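Okay, so the sequence shown: first residue is 1 according to the UniProt record's numbering, each after it adds one.
Cβ atoms here follow ideal geometry from the backbone N, Cα and C, with glycine treated the same way.
Please read all numbers here as calculations on a predicted model, not as lab measurements.
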Amino acid sequence: MLTTGKSSVQLLHVFLPVVLPYLNLALARSSSRVGDAEIIRCIERERQALLKFKQALISDYGRLSSWGSTKDCCKWKGVHWSSNNTSNHVTMLDLHTTYDDDVLRYQPNVLPYQPLRGKISPSLLELHHLRYLDLSGNLFSESRIPKFIGSLCRLRYLNIAFCGFSGPIPQQFKNLSNLRHLDLAYNHLGYDSRLKSENLEWLSHLSLLSHLDLSRVELSKATSRVQSVSNLPLLKELHISDCSLPHVTHFSSFRFNSSATLSTVNLSSNSLSSSIFNWLFNFSSSLAYIDLGYNELKGSIPDAFGDMVSLTNLSLHQNQLEGGLPKSFVNSSHLQSLHLFGNNITEELHEFLQKLSGAKNSLESLALSINRLKGPLPDFTRFFSLRELRLGNNLLSGSFPKDIGNLSSLVYLSLGGNQITGSVPDLSLFPSLGSLLLENNRLNGTIDRSIGQHHKLESLNCASNSLKGLISEAHFSNLSSLRYLALANNALTFNFSPDWVPPFQLDVIRLSSCKLGPHFPKWLRTQNEFYLLDISSNGIASNIPSWFWDLTPRLNYLNLSHNKINGFLPDLSLKFPYATGIDLSNNLLTGPIPLVPSNVSSLNLSKNKLGGYLSFICAITGEELVYLDLSNNRLFGELPYCLSHFKKASILSLASNNFLGEIPSSIGSLSQIKSLNLRDNNLSGEVPSSLKSCKKPSIIDLRGNRFKGIVPAWLGTHLTSLIVLILRSNEFNGSIPQQTCNLNRIQVLDLSQNNLSGNIPPCLSNFTALVESKDSDATTILNYPAYVVSSGGKYMFSYIGPYVANAFVQWKGQDLEYGKNLRLLKIIDLSSNRLSGKIPEQIGCLAGLHSLNSREEI
Numbered sequence: 001m002l003t004t005g006k007s008s009v010q011l012l013h014v015f016l017p018v019v020l021p022y023l024n025l026a027l028a029r030s031s032s033r034v035g036d037a038e039i040i041r042c043i044e045r046e047r048q049a050l051l052k053f054k055q056a057l058i059s060d061y062g063r064l065s066s067w068g069s070t071k072d073c074c075k076w077k078g079v080h081w082s083s084n085n086t087s088n089h090v091t092m093l094d095l096h097t098t099y100d101d102d103v104l105r106y107q108p109n110v111l112p113y114q115p116l117r118g119k120i121s122p123s124l125l126e127l128h129h130l131r132y133l134d135l136s137g138n139l140f141s142e143s144r145i146p147k148f149i150g151s152l153c154r155l156r157y158l159n160i161a162f163c164g165f166s167g168p169i170p171q172q173f174k175n176l177s178n179l180r181h182l183d184l185a186y187n188h189l190g191y192d193s194r195l196k197s198e199n200l201e202w203l204s205h206l207s208l209l210s211h212l213d214l215s216r217v218e219l220s221k222a223t224s225r226v227q228s229v230s231n232l233p234l235l236k237e238l239h240i241s242d243c244s245l246p247h248v249t250h251f252s253s254f255r256f257n258s259s260a261t262l263s264t265v266n267l268s269s270n271s272l273s274s275s276i277f278n279w280l281f282n283f284s285s286s287l288a289y290i291d292l293g294y295n296e297l298k299g300s301i302p303d304a305f306g307d308m309v310s311l312t313n314l315s316l317h318q319n320q321l322e323g324g325l326p327k328s329f330v331n332s333s334h335l336q337s338l339h340l341f342g343n344n345i346t347e348e349l350h351e352f353l354q355k356l357s358g359a360k361n362s363l364e365s366l367a368l369s370i371n372r373l374k375g376p377l378p379d380f381t382r383f384f385s386l387r388e389l390r391l392g393n394n395l396l397s398g399s400f401p402k403d404i405g406n407l408s409s410l411v412y413l414s415l416g417g418n419q420i421t422g423s424v425p426d427l428s429l430f431p432s433l434g435s436l437l438l439e440n441n442r443l444n445g446t447i448d449r450s451i452g453q454h455h456k457l458e459s460l461n462c463a464s465n466s467l468k469g470l471i472s473e474a475h476f477s478n479l480s481s482l483r484y485l486a487l488a489n490n491a492l493t494f495n496f497s498p499d500w501v502p503p504f505q506l507d508v509i510r511l512s513s514c515k516l517g518p519h520f521p522k523w524l525r526t527q528n529e530f531y532l533l534d535i536s537s538n539g540i541a542s543n544i545p546s547w548f549w550d551l552t553p554r555l556n557y558l559n560l561s562h563n564k565i566n567g568f569l570p571d572l573s574l575k576f577p578y579a580t581g582i583d584l585s586n587n588l589l590t591g592p593i594p595l596v597p598s599n600v601s602s603l604n605l606s607k608n609k610l611g612g613y614l615s616f617i618c619a620i621t622g623e624e625l626v627y628l629d630l631s632n633n634r635l636f637g638e639l640p641y642c643l644s645h646f647k648k649a650s651i652l653s654l655a656s657n658n659f660l661g662e663i664p665s666s667i668g669s670l671s672q673i674k675s676l677n678l679r680d681n682n683l684s685g686e687v688p689s690s691l692k693s694c695k696k697p698s699i700i701d702l703r704g705n706r707f708k709g710i711v712p713a714w715l716g717t718h719l720t721s722l723i724v725l726i727l728r729s730n731e732f733n734g735s736i737p738q739q740t741c742n743l744n745r746i747q748v749l750d751l752s753q754n755n756l757s758g759n760i761p762p763c764l765s766n767f768t769a770l771v772e773s774k775d776s777d778a779t780t781i782l783n784y785p786a787y788v789v790s791s792g793g794k795y796m797f798s799y800i801g802p803y804v805a806n807a808f809v810q811w812k813g814q815d816l817e818y819g820k821n822l823r824l825l826k827i828i829d830l831s832s833n834r835l836s837g838k839i840p841e842q843i844g845c846l847a848g849l850h851s852l853n854s855r856e857e858i
C-alpha cells in the first residue's frame, strides 16, 4: 500500500474530521426519485466542468464509468456535495488511488488498482465551492504540478502525493490560505526527478495549516526553511522526511508562534546534526511523535526526551548515538514505541530496561537491533503490553530465562545475530506470536514438534545455528499462516511422506544445507506463491521435475546450487520473468544455456557441463547485471561485444571454458568491475588498452591463455587498486614495466611462464602491502547486491552476496587453489621466464613476502 510511514490510527485522526461531514451529508442527501422523475441536485455548470475534467483523463479500468451515466453528478464516484437553501455545490472530489507495490512489480498485467492517467483539467476552477481535493496515487502525464491548482482558494484539504510530479512547487500555492491539510509527498519517479522548492516563503501564507507533508521534496537549496514553517501557528503534523536537508546549526533561534500545537514531527532521512534537538525541545509539552531516523545525530541521547510528558513514539534509529539510555526515561509513562536500532548503544540490557520501567503499562514496540547491548536476556514480563521486540545483532548471551513469562501480546520477536545459547524457546509462552527470528545464534538441540500448533506464526527463522534432528510433518501440522520459513545452515533432516500437502503457502523458503534429498522435494509442488527459494546443498541427486518450472512466475531469487541435479534447463526468461538472482552452480546440468530473465542482476551457472555460445547474454536487455559467473563449463566461441551493456557489472568470471579470439575492446565499459577472471581459455591477442578505463579492479586473472605483447604499463598507472594480478602461462614478452611498481596494494603478482626478459625492477620494494609483515585489510571476498525481494509489504530484503574469489597459485612446487585464504597470501612469482641479472637488494624490504619464485630465469 502507498504509505508515508503513518499508522492507520494516525491517518484516521487526520482524515475523519475533514472527510466525515462531507460523507455524512452525501449519504443523507443522495438523489432520490419522485415517481419516475430523477431529482437533479447537481448544478449544470459544475456538471459540465466535471465532464471536461473526465475528458482529460484516461481510466483504463472503467473507474469513471459512473460519470455521465446519470445527470446527477452527485451520484458519480468520488464526487460529494453540500446543500443550502438555494443550490447544491460540489465540495469534495476524492479520486485517490492506493495499490500494492508488490503486485505492480510481479503481475503488471493483472492490477488490482485503478490509477488514473492523463492531465488535470483547469475545468476544476469552475468548482467554486471545492474544499476537498484528493488525487493522490494517480499517474498524471504532466511533469509539473499545474499552477492553476493555486487558484482553488477555498480548498481546505489538498493531497496530490505519489503522482510523479517533478520540478518546482508553484508559488501560486501561497493563495491557498484556507488549507488545513497539504500533502505533496513522494512525488518522484526517481532521485533525479524530484519535486523541489527553492523558496518556502509561500508556506508562510498558509497560516491555517494543521498537517504538512513534503516528504521527498528536494529542499536542499530552499531558503526560509525554518522561518516559513515557524509561521504556521496551528501546525500539528510536520513531515519533511528525505528532503536533503543539510546540517543546520541555528535551529534553536526559531520558535513557533504557538508551541502548544505541534504533536508530530518526522524529519527522518536527512543530514541533520544533533543541533536539531534544541529546536525540538521548544515543544516538549506537545510533541507525541518524533522521527529523526537516518540522520547524522551523534553523542548521547539527551535527557530532555525523558521529560516530554506527551511523548508516545520516539524514533532515533540509524544514527551515530552512543552510550546508554538516560535515567530520565523512567518518567516516560506514555511511551508506546522506542526505536534506536542502528546506533552504538552500549549498556547491559537489564539496566536499559530498568530505565523504561515507567512505560511498563504502555510500551508496545521496542527496536534496539544493531547496537552493542550486552548481558543475558532479562525478564520482559513487566512490559505486558509489548507487541514488538527487536534485539537482533547485539552482544546478548545466555539462554532464554525460565521465568520469561507469558507475553500474551507479543507478536514480533527478533533476537538474531547474538550469542544466545540453549534450545528454541517454548512458543506457548507467546500465544500471539507471528514472527520468531533467532538466526545466527548458538542455539542447539532439536526443534520441538509442538511448534506446529501455533497457527498464528507467519515467520520462522532459526537459520545458522547448531540445531539438529528430524523435521517431520508434525512440525508444520497447524501452521496455516506461515509465509516465511528459514532453517538454513543447521543439521536438520526433513522427513515428509511423498504425498504430504502442507497447510501453508510460503513466500520465502530458505533451507540451504539441510537434508532434503536425494529426491527433489515433492511438497514444493503445492507452493505457488513463493518469491525466494534456496534449497542449495540439500543432497538432491535427481532431475528437476517438469512441474517445478511452472510453479510460480513471481520468483525473484532461486538457488539450487551445490547439489547433484542433472538434466537440461528450460527458457528461464519465460518461466521466471521477474527473477533477479539465479544460482544453479555446482550441479550436473547439461545442454546449452537458455535465455535468462532480462533484468537478472546475479547469475551463477558455474561448475556444470553447460555448452554453447555466450551470445545468450546479449538478450539481457536490462542493465542491472552485477554478477556473472559461467566458469568451469564447456562454453566456446568468441566473447561478444555486448559485454559493454552491463555497466554495473562488478564480478565477471568466464574461467575454464573454451573461449577463443581477442578480448573485445568494449570490456572497457565495465567501469564498476572488481573481479575479472578469464583464466584457462584459449584467448589471444593483446590485453585491450580500453581496460584501463576500469578504475576499481581488485582481481585480474588471465592465466592459461595465449595473450601476447608486452605487459601493459598502464596496469600500474591506471589499475592501482589491484590486489591480485595473474598473467601466468601466456606469451607475454619484453621487460617488466617500471610502472608495475605503482601497484602498492598488490599481494599476489604472478607473471610466471611467459617470455619476459630483462632485469627485475628494484622498485618492487614500493609494494606497500608486501613491506608490512602483518595481515593487510585488503580482501578478495567481494560483496555484491544479490537480490531484492518484496512480499506483500511484509518482507523486504536487500541481500548482499559474498563472492569468494579464487586463484591457482604455485606454492612449494604445487599448483594449489586458494579461495577464502587468497587474501592472506603475499607472493611474487616470476619463474619460467628469460629474466637476467641479479635479484635486487630492495626485495629484502618486503618483510611480509611469503614466497618469491624466480627460478630458471637468472
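Going by CA-CA distance only, name the one from Ser59, Leu389, Asp426 that's closest to Phe400. Asp426
Assuming the contact rule is C-beta atoms closer than 8 Å, Ala49 and Ser123 should be a hit. Round their C-beta distance to whole Å, please. 4 Å
CB Cys211 to CB Glu237, shorter than 8 Å? Cys is not the amino acid found at residue 211; the sequence shown has His there. In this structure, Glu237 lies closer than 8 Å to His211 by Cβ.
What does the alpha-carbon distance come out to for the pair Lys77 and Thr97? 13 Å
Candidates Leu702, Leu727, Ser693: closest to His718 by CA position: Ser693
Rounded to whole angstroms, what is the Cα-Cα separation between Asn495 and Glu473? 8 Å
Helix, strand or coil at Gln354 [DSSP, three-state]: helix
With H, G and I counted as helix, E and B as strand and the rest as coil, what does DSSP make of Trp81? strand
Going by the DSSP bridge assignment, what does Asn461 pair with across the sheet? Leu437, Ala486
Does the Cβ-Cβ distance between Ile451 and Leu467 come in under 8 Å? no
Going along the chain, which residues of its own chain have a beta-carbon closer than 8 Å to the beta-carbon of Asn632, five neighbours each way excluded? Ser606, Lys607, Asn608, Ala655, Ser656, Asn657
Is the beta carbon of Leu770 sitting closer than 8 Å to the one on Lys695? no
Pairwise C-alpha distance: Ser735 and Phe616: 39 Å
Do you know offhand how far Phe283's Cα is from Leu262's? 7 Å
For Ser690 and Lys564, I'd like the C-alpha separation in whole angstroms. 40 Å
Do you know how far the Cα of Phe767 is from the Cα of Gln842? 11 Å
One question on the structure: do Pro378 and Leu349 come within less than 8 Å of each other, judged by their Cβ atoms? yes
Who are the Cβ neighbours of Asn159 in its own chain at under 6 Å, not counting the five residues just before and after it? Asp134, Ser136, Asp183
From Gln114 to Asp60, what distance separates their C-alpha atoms? 8 Å
With H, G and I counted as helix, E and B as strand and the rest as coil, what does DSSP make of Glu624? coil
Per-residue DSSP class, three states only, for Gln753: coil
Kindly provide the ranges of any alpha helix (DSSP H) runs that are 4 or more residues long and lie completely inside the stretch 234 to 322, ordered along the chain. 276 to 280
For Lys196, which three-state DSSP category applies? strand
Evaluate contact between the stretch 333 to 342 and the stretch 350 to 365, counting only Cβ atoms and requiring at least three cross-stretch pairs below 8 Å. yes
Considering only residues of the same chain and omitting the five flanking positions on each side of Asn489, which have a CB-CB separation below 7 Å? Ala463, Ser464, Ser512, Ser513
Thinking Phe568 and Ile540 are a contact (beta carbons under 8 Å), I'd like their distance in whole angstroms, please. Wrong, their Cβ atoms sit about 16 Å apart, outside the cutoff.
What would DSSP say about Leu641, mapped onto helix, strand or coil? Checking the displayed sequence, the identity of residue 641 turns out to be Tyr instead of Leu. Helix.
Terminal residues of the beta strand (DSSP E) in which Ala367 lies: 365 to 367
Here's a check: name, in chain order, each residue in its chain whose Cβ is nearer than 8 Å to the Cβ of Leu245, leaving out the five neighbours to either side. Leu219, Ser220, Arg225, Leu267, Asn270, Ser271, Leu272
Cβ neighbours of Ser537 in the same chain (closer than 6 Å, five flanking residues each side left out): Ser512, Ser513, His562
Tell me the rounded alpha-carbon separation between Leu139 and Asn394. 43 Å
If we count Cβ pairs, one from each stretch, closer than 8 Å, do we get three or more for the stretch 739 to 746 versus the stretch 797 to 817? no
May I ask which residues mark the beginning and end of the beta strand (DSSP E) holding Phe732? 731 to 734
How many angstroms separate the CA atom of Pro545 from the CA atom of Pro553? 16 Å
My understanding is that Leu830 touches Ile760, with C-beta atoms under 8 Å, so please give their C-beta distance in whole angstroms. 7 Å
Is residue 881 near Tyr784, with beta carbons less than 8 Å apart? No answer is possible for residue 881: it lies beyond the span of the chain, which begins at 1 and ends at 858.
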